[in-house]
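**Student:** To convert, note that position 263 of the sequence shown is 263 in this note's numbering; the numbers rise steadily by one, no gaps. Note that the Cβ used here is the ideal one computed from N, Cα and C, for glycine as well. These figures come from a predicted structure and were not determined experimentally.
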Amino acid sequence: MDLLADLNPQQRIAIQHGRGPALVLAGAGSGKTRVITYRIAHLIRNGACRPEHILAVTFTNKAAGEMRERVQALMGLSRTSEPLISTFHSFCVRLLRREIHRLGYRNDFSIYDTDDQRRLLKQILKDKGRNDKELSPREVLGRISFAKNHNVGPGQFAAQFPSPSAEDIGELYELYDARLRRGNALDFDDILLKAVALLDRFQEQRDYYSDWYRYILVDEYQDTNRPQYDLLRLLTSRHQNLFVVGDEDQSIYKFRGADIQNILRFEQDFPGARVIKLEQNYRSTQNILKLATSVVENNTERKGKVLWTENHAGDVITCRRSATARSEAAWVSRCIRDFLDEEPDYRIAILYRANFLSRNFEEALINGSIAYCVVGSVAFFGRMEIKDLLAYLRIIFNPEDDIALLRIINTPPRGIGATTIDSLTRQALEKGVPLLQLVREASSDATLGGRACNALRRFLELIDGWQARRDNATIGELLGSVAESIEYKKMLEKDETAEEAANRMENIEELIRAADESQDKGETVFEFLDRASLSSELDTLDPNARVSLMTLHSAKGLEFDVVFLAGLEEGLFPHSQSSNSAADLEEERRLCYVGITRARRKLFLTWTPFRRNFGPSSDSASMRSRFLDEMPPELLDEWSEGRDYADDDEEDPFAVVEDKEEKPVWKPSAGAAPAPQPKSIAELRAYLKQVQPAAKSGDAAHGATRSLKSGMRVRHAQFGDGIILSRQKVGNDFKLIVTFSRVGRKTLIERYAKLEAL
1 MDLLADLNPQ
11 QRIAIQHGRG
21 PALVLAGAGS
31 GKTRVITYRI
41 AHLIRNGACR
51 PEHILAVTFT
61 NKAAGEMRER
71 VQALMGLSRT
81 SEPLISTFHS
91 FCVRLLRREI
101 HRLGYRNDFS
111 IYDTDDQRRL
121 LKQILKDKGR
131 NDKELSPREV
141 LGRISFAKNH
151 NVGPGQFAAQ
161 FPSPSAEDIG
171 ELYELYDARL
181 RRGNALDFDD
191 ILLKAVALLD
201 RFQEQRDYYS
211 DWYRYILVDE
221 YQDTNRPQYD
231 LLRLLTSRHQ
241 NLFVVGDEDQ
251 SIYKFRGADI
261 QNILRFEQDF
271 PGARVIKLEQ
281 NYRSTQNILK
291 LATSVVENNT
301 ERKGKVLWTE
311 NHAGDVITCR
321 RSATARSEAA
331 WVSRCIRDFL
341 DEEPDYRIAI
351 LYRANFLSRN
361 FEEALINGSI
371 AYCVVGSVAF
381 FGRMEIKDLL
391 AYLRIIFNPE
401 DDIALLRIIN
411 TPPRGIGATT
421 IDSLTRQALE
431 KGVPLLQLVR
441 EASSDATLGG
451 RACNALRRFL
461 ELIDGWQARR
471 DNATIGELLG
481 SVAESIEYKK
491 MLEKDETAEE
501 AANRMENIEE
511 LIRAADESQD
521 KGETVFEFLD
531 RASLSSELDT
541 LDPNARVSLM
551 TLHSAKGLEF
561 DVVFLAGLEE
571 GLFPHSQSSN
581 SAADLEEERR
591 LCYVGITRAR
601 RKLFLTWTPF
611 RRNFGPSSDS
621 ASMRSRFLDE
631 MPPELLDEWS
641 EGRDYADDDE
651 EDPFAVVEDK
661 EEKPVWKPSA
671 GAAPAPQPKS
681 IAELRAYLKQ
691 VQPAAKSGDA
701 AHGATRSLKS
711 GMRVRHAQFG
721 DGIILSRQKV
731 GNDFKLIVTF
741 SRVGRKTLIE
751 RYAKLEAL
């Protein structure tokens, strides 16, 4: 096929770029993935280099998989070699499996996911006698990750990031890194940092990999952090053939360490770089693009693009003010039902700034019998039963992995009590040896007690038996043997409902099938474990789902026929934490731009002056987002819900008298001044009485509190966040079945569970 035939002029210029650095500024929906994949094919077809000397890196497994499929389709499947198309983390793991021994690690290192990291830090806090409510593991890990992404070690932490807790966090950081190293383990940040350290310290390896990967292509360059930037500089030390594609207007991951300056200063970092702009959009209508541009052009940190499209103008964008978050969700649900009735093949998304906003939408969709998926729920490799089995696999191949051992030593329960485990953990820490070594010593310690010794010996017999088979058995056979030997099914049937136990066993069977497929493809056990550790919820996004709910950050890179962008209120979007920083506010504006440009055909914007469960004071009205005021009035069709507020309900400002019939009560003409922003409940009521018809007297007010019910998101002090699957009356109590993201399904008595509604 002629690679140039179906490309626009700017895309052709990009893929035909020769040697040297190039920056492709690719606006939303401008075909950036096509440019990268066609350039790879062009380099190979024109003999610039062999396929294996090309490296393309991106940020998600899903994006890497799509790029591989496209390149294979362009080049054909008969080639014996192919380019390496990978995520940054997967590439670094591949490098470290070969070279990390030079840094003093064994090549069979473990990778700790976020759950493993929290377990490790909780153990450190416990060993130090610290209260994890003073310094929560999540907060400490977040600050450690931030430091690592800025190349700041434990010794420099307090000086670089001064705060009242900086000294404490610096000490925990040092202990955390030491425990990782002792366990021959890396966290996600270490994967990048160790790869950078290796190439920086060992010139022979740096020259080898720079010579091997002669052309390097980077997707979503605006999302790179400092270690990723350093990695690219090291990999291009012998050449300057760096081709990056990105959009500064879509840089939204500062909280993960992304540095927008990487793309803004590209020409300074790589002198002589060629800059190519892709401004033709193939996704959205003209009105959607105009709206997105009107918001993001208020930013100063941008290189500047003018998106245009040959698509039709499309509808103006509906902006709706709802009386409450519940009525907002109900209206969105009704609209979705209408769209699906008319266009069953439409893909629809509800996007929001914060996860807590999903609850009302989920309830409304359930009530409307509309199937949906929530992006950000527990991914396959994050499920309890999968993590349990993989922890066994990790300890079989890396006996120094203390966190994996702590997860499985009494799972299923085998009579090894918490006191025994705490004692062994403390001794292992004092002696500086792996926990499994202390378990072996304790199994023959007469002072420990016969029951505990016997339990430890039985556990060790299982571990030794699997380790003896690990070089000859397949991964699937080992996993099957583990599940059968520990009687995992029996544990599930005891703790779960029959249906849930069956579902979890089906997941284990799927894990075994995945392991077999992995080995059929020639993957080693470490490559299989690496892939599991580096998976994310986006990897399992259902491309056929008709309705998807997700945060704006999760939506990046996706597109939908219809988008509902919800919660456009000051303090929520833009977020209150961005109000004191111009740079943070600009990122919020870029996030709004990303949300708008996910829409292909129709876009709806919603907000409400009253939203429960948000903000420090729930008794004040919210103002509509400043982003709405940055949008041209002629592009907005503004509506206000036909409802009124009760005068005599001062105790509950959220109680409303609902009008049975929805009707628009405010629709300004093009160019009209925006409605006044209420600063208090009294001011809001006064304004609404001027513009709204009175509510019907027969309607009842909402109560201030709600009982627990099916579909509700809740939080448990021990089990974490979950969703109520059912609520049944049993005698004088109510029985709840709740599925928790961390521990799976649990049956609880409502009055004892102390669940917090989210």
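Starting from the C-beta of residue 508, find all residues in its chain whose C-beta is less than 8 Å away, skip the five residues before and the five after it, and write them out in chain order.
**Tutor:** Position 508 of the sequence shown holds residue 508. If you ignore the 5 residues before and after residue 508, its C-beta comes within less than 8 Å of the C-beta of 385, 386, 389, 479, 483 and 488, all in its own chain and listed in chain order.
**Student:** Unbroken alpha helix (DSSP H) runs of length 4 or more, entirely within the stretch 428-482: which are they?
**Tutor:** 435-442 and 450-469
**Student:** Locate the alpha helix (DSSP H) running through residue 296, then write down its first and last residues.
**Tutor:** Reading the sequence shown from its first residue, position 296 is the one you call residue 296. From DSSP, the alpha helix (DSSP H) with residue 296 extends over 286-296.
**Student:** Take residue 552 as the anchor and find which of 105, 445, 182 and 587 has the nearest alpha-carbon.
**Tutor:** Within the sequence shown, numbered from 1, the residue matching residue 552 stands at position 552. When each option's Cα is compared against that of residue 552, the closest is 587.
**Student:** Suppose you measure from the CA of residue 739 to the CA of residue 135; what does that come to, to the nearest Å?
**Tutor:** By one-based count along the sequence shown, residue 739 stands at place 739. By one-based count along the sequence shown, residue 135 stands at place 135. Residue 739 and residue 135 have their C-alpha atoms some 28 Å from each other.
**Student:** Look up residue 54 in the DSSP assignment and say whether it is helix, strand or coil.
**Tutor:** Within the sequence shown, residue 54 is the residue found at index 54, counting from 1. The answer is strand: DSSP assigns residue 54 an E or B state.
**Student:** Along the chain, which unbroken stretches of the beta strand (DSSP E) at least 3 residues long are found entirely within the stretch 343-413?
**Tutor:** 348-352
**Student:** According to DSSP, which residues form a beta bridge with residue 716?
**Tutor:** Along the sequence shown, one-based indexing puts residue 716 at 716. In the DSSP output, where bridge partners are listed per residue, residue 716 has 720.
**Student:** So, residue 227 versus residue 192, is the Cβ gap smaller than 8 Å?
**Tutor:** Reading the sequence shown from its first residue, position 227 is the one you call residue 227. Reading the sequence shown from its first residue, position 192 is the one you call residue 192. The answer is yes: Cβ separation under 8 Å.
**Student:** Using 10 angstroms around the beta-carbon of residue 255, count the other beta-carbons present and answer buried if the total reaches 16, otherwise exposed.
**Tutor:** Residue numbering aside, residue 255 sits at position 255 when the sequence shown is read from its first letter. It is exposed - the Cβ of residue 255 has fewer than 16 other Cβ atoms within 10 Å.
**Student:** Look at residue 301 and residue 278 and say whether their C-beta atoms are less than 8 Å apart.
**Tutor:** The residue labelled residue 301 in the question sits at position 301 within the sequence shown. The residue labelled residue 278 in the question sits at position 278 within the sequence shown. Result no, Cβ atoms of residue 301 and residue 278 do not sit closer than 8 Å.
**Student:** Which residues in the same chain as residue 163 place their Cβ atom closer than 6 Å to its Cβ, once the five residues preceding and following it in sequence are excluded?
**Tutor:** In the sequence shown, counting from the first residue as 1, residue 163 sits at position 163. Around residue 163: no qualifying Cβ.
**Student:** Within 10 Å of its beta-carbon, does residue 641 have 16 or more other beta-carbons around it, so buried, or fewer, so exposed?
**Tutor:** Here residue 641 refers to the residue found at position 641 when the sequence shown is read from its first residue. By the 10 Å Cβ count, residue 641 comes out buried.
**Student:** Pop quiz: residue 175 and residue 124 are said to be a contact at Cβ under 8 Å. What is the actual Cβ separation, rounded to whole angstroms?
**Tutor:** For the purposes of this step, residue 175 is taken as the residue at position 175 of the sequence shown. For the purposes of this step, residue 124 is taken as the residue at position 124 of the sequence shown. So it is a contact: roughly 5 Å between Cβ atoms.
**Student:** Alpha carbon to alpha carbon, what distance is there between residue 244 and residue 220?
**Tutor:** To locate residue 220, count along the sequence shown from 1; it is residue 220. To locate residue 244, count along the sequence shown from 1; it is residue 244. Each residue's Cα considered, the two are about 8 Å apart.
**Student:** Could you tell me the distance, in whole angstroms, from the CA atom of residue 716 to the CA atom of residue 12?
**Tutor:** To locate residue 716, count along the sequence shown from 1; it is residue 716. To locate residue 12, count along the sequence shown from 1; it is residue 12. So the alpha carbons of these two residues sit roughly 55 Å apart.
**Student:** Given that a residue counts as buried once 16 or more other Cβ atoms are within 10 Å of its Cβ, and exposed if not, what is residue 639?
**Tutor:** By one-based count along the sequence shown, residue 639 stands at place 639. Residue 639 is buried by the Cβ-count criterion.
**Student:** Between the beta-carbon of residue 600 and the beta-carbon of residue 283, is there less than 8 Å?
**Tutor:** Within the sequence shown, residue 600 is the residue found at index 600, counting from 1. Within the sequence shown, residue 283 is the residue found at index 283, counting from 1. Less than 8 Å separates the beta-carbon of residue 600 from that of residue 283.
**Student:** Looking at residue 287 and residue 30, is the spacing between their C-beta atoms short of 8 Å?
**Tutor:** Locating residue 30 in the sequence shown gives position 30, counting from the first residue. Locating residue 287 in the sequence shown gives position 287, counting from the first residue. No, Cβ-Cβ distance for residue 30 and residue 287 is not below 8 Å.
**Student:** May I have the straight-line CA-CA distance separating residue 304 from residue 101, to the nearest angstrom?
**Tutor:** Counted from its first residue, the sequence shown places residue 304 at position 304. Counted from its first residue, the sequence shown places residue 101 at position 101. Straight-line Cα distance between these residues: approximately 45 Å.
**Student:** For residue 211 and residue 234, what's the separation of their Cα atoms in angstroms?
**Tutor:** In the sequence shown, counting from the first residue as 1, residue 211 sits at position 211. In the sequence shown, counting from the first residue as 1, residue 234 sits at position 234. C-alpha separation (whole angstroms): 11 Å.
**Student:** Starting from residue 533 and walking both ways along the alpha helix (DSSP H), at which residues does that stretch end?
**Tutor:** Locating residue 533 in the sequence shown gives position 533, where the first residue counts as 1. Start and end: 525-533.
**Student:** In the DSSP assignment, what are the bridge partners of residue 563?
**Tutor:** As a working note, residue 563 is residue 563 in the sequence shown. Note: residue 563 sits in a beta bridge opposite 349 and 603.
**Student:** Which residues mark the beginning and the end of the alpha helix (DSSP H) in which residue 502 is found?
**Tutor:** Along the sequence shown, read from residue 1 onward, the residue named residue 502 stands at position 502. Here the alpha helix (DSSP H) through residue 502 covers 498-520.
**Student:** Taking only the alpha-carbon atoms, compute the straight-line gap between residue 747 and residue 736 and give it to the nearest angstrom.
**Tutor:** Translated into the one-based positions of the sequence shown, residue 747 becomes position 747. Translated into the one-based positions of the sequence shown, residue 736 becomes position 736. As the crow flies, the alpha-carbon of residue 747 is around 6 Å from that of residue 736.
**Student:** Would you tell me roughly how many angstroms separate the C-alpha atoms of residue 6 and residue 35, rounded to the nearest one?
**Tutor:** Mapped onto the sequence shown, residue 6 falls at position 6. Mapped onto the sequence shown, residue 35 falls at position 35. Each residue's Cα considered, the two are about 11 Å apart.
**Student:** Given that a residue counts as buried once 16 or more other Cβ atoms are within 10 Å of its Cβ, and exposed if not, what is residue 622?
**Tutor:** For the purposes of this step, residue 622 is taken as the residue at position 622 of the sequence shown. Buried is the call here.
**Student:** Buried or exposed: where does residue 676 fall if 16 or more other Cβ atoms within 10 Å of its Cβ makes it buried?
**Tutor:** Counting from 1 along the sequence shown, the entry for residue 676 is found at position 676. Because residue 676 sits at a pLDDT of 49, beneath the cut-off of 50, its placement in the model cannot be relied upon, and the following sentence gives the value as read from the coordinates. Looking at its Cβ environment, which holds fewer than 16 other Cβ atoms inside 10 Å, residue 676 is exposed.
**Student:** With 16 other CB atoms within 10 Å as the buried threshold, where does residue 4 fall?
**Tutor:** Residue numbering aside, residue 4 sits at position 4 when the sequence shown is read from its first letter. Classification of residue 4: exposed, given that the 10 Å Cβ count is below 16.
**Student:** Can you tell me which of the three DSSP states residue 67 falls into?
**Tutor:** Walking along the sequence shown from the start, residue 67 turns up at place 67. In the structure shown, the three-state DSSP call for residue 67 is helix.
**Student:** Touching or not, the stretch 50-63 and the stretch 85-96, by the rule of three or more beta carbon pairs under 8 Å?
**Tutor:** Output reads yes: the stretch 85-96 touches the stretch 50-63.
**Student:** Taking residue 98 as the reference, give the member of 262, 380 and 208 with the closest Cα.
**Tutor:** If you number the sequence shown from 1, residue 98 lands on position 98. Measuring from the Cα of residue 98, the nearest candidate turns out to be 208.
**Student:** Residues in its own chain within less than 6 Å of residue 349 by CB, not counting five upstream and five downstream?
**Tutor:** Mapped onto the sequence shown, residue 349 falls at position 349. Taken in chain order, the residues that qualify are 548, 560 and 563.
**Student:** Going by DSSP in three states, residue 578 sits in which element: helix, strand or coil?
**Tutor:** Counting from 1 along the sequence shown, the entry for residue 578 is found at position 578. Three-state result, residue 578: helix.
**Student:** Going residue by residue through the stretch 207-279, where are the continuous beta strand (DSSP E) segments of at least 3 residues, counting only ones entirely within it?
**Tutor:** 215-218, 242-246 and 274-278
**Student:** Helix, strand or coil for residue 40, going by three-state DSSP, please let me know.
**Tutor:** Residue mapping note: residue 40 aligns to position 40 of the sequence shown, counting from 1. Correct three-state label for residue 40: helix.
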